[in-house]
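Enquirer: Submitted below is the structure of interest, expressed as structure tokens.
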Amino acid sequence: MSCRVKTPPSGSRFFSLKVVVCLFSAAVGLSLGCASANAGQANTGRAGVGFSGNVAMGNTCVIVVDSDGEFVPNAGATLLSSRLPGGRSGTATVYSLLNHELSVDTPGNFANPTNAGTGTSFSAYFSGRSILLGRTFGERPGSNSIRLRRGISITQISVDLEAANASGFEEGDYSAQAVIRCE
56 MSCRVKTPPS GSRFFSLKVV VCLFSAAVGL SLGCASANAG QANTGRAGVG FSGNVAMGNT
116 CVIVVDSDGE FVPNAGATLL SSRLPGGRSG TATVYSLLNH ELSVDTPGNF ANPTNAGTGT
176 SFSAYFSGRS ILLGRTFGER PGSNSIRLRR GISITQISVD LEAANASGFE EGDYSAQAVI
236 RCE
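This is the structure:
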């Protein structure tokens, strides 16, 4: 798995949106890099390898991630958000043959660093735009599902993620996962 890194303005944080399981990562402070959910295991001589796949036979809903998003912090570094000025939503295209429910699961914790989630609350949001007989809908919380149209439909969705911590985020690399569901 790779992540795209661009030189951020001072104090920026990143997230990236990946296939079906959307990976949001954020870099805090001076160092910037691709965060790995298994980075802490490297010192023990073990590392995880991510796999993804799609079985086409019988699938009636396919999610293709189109672009990564970007976190930015608020002034006090108490909020990491793709919705703040300078942030960017991740996008995905949903191809459906039936009227599935579309939703986004909010992560319960950071994948990296594993201890950074204490006192952190996460919020996921998504909106959609019809490409071909799909659904157009305004921004809604990730858990507020929307039913896709019956028959062939293509809907492009934008996904945003926020992580809030009243104590603020310390310097480091952050990543969390939000899952796009089409069920």
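Numbering (the numbering used here), first residue to last: 56 to 238.
We put the beta carbon where it would ideally sit given N, CA and C, even for glycine.
Note that the structure is a prediction, hence the values are computed from the model and not measured.
1) Leaving out five residues before and five after Asn219 in sequence, what residues of the same chain have Cβ atoms less than 6 Å from its Cβ?
2) Grouping DSSP H, G and I as helix and E and B as strand, with all else coil, what is Pro140?
3) To the nearest angstrom, how far is the alpha carbon of Gly193 from that of Thr173?
4) If you pair each beta-carbon of the segment 200-210 with each one of the segment 136-155, do three or more pairs fall below 8 Å?
5) Along the beta strand (DSSP E) that carries Ile186, what are the first and last residues, could you check?
6) Starting from the Cα of Arg190, find the closest Cα among Ala179, Ser198 and Gln211 and give me that residue.
7) Going by beta carbon distance, what residues of the same chain come within less than 6 Å of Ser208, once the five residues before and after it are set aside?
8) How many Å lie between Ser126 and Ala231 at the Cα?
Expert: This is what the structure gives:
1) The question names Asn, but residue 219 in the sequence shown is Ala. Excluding residues within five positions, the ones whose Cβ falls inside 6 Å are Leu134 and Ser176.
2) In the three-state reduction of the DSSP assignment, Pro140 falls in the coil class.
3) Rounded to the nearest angstrom, the two C-alpha atoms are 31 Å apart.
4) Touching, yes, given that three or more Cβ pairs across the two stretches are closer than 8 Å.
5) Element bounds for Ile186: Thr175 to Leu187.
6) Closest by alpha carbon: Gln211.
7) Here the set comprises Ser151, Leu188 and Gly189.
8) Per the sequence presented here, residue 126 reads as Phe, with Ser not at that position. The alpha-carbon separation between Phe126 and Ala231 amounts to approximately 11 Å.
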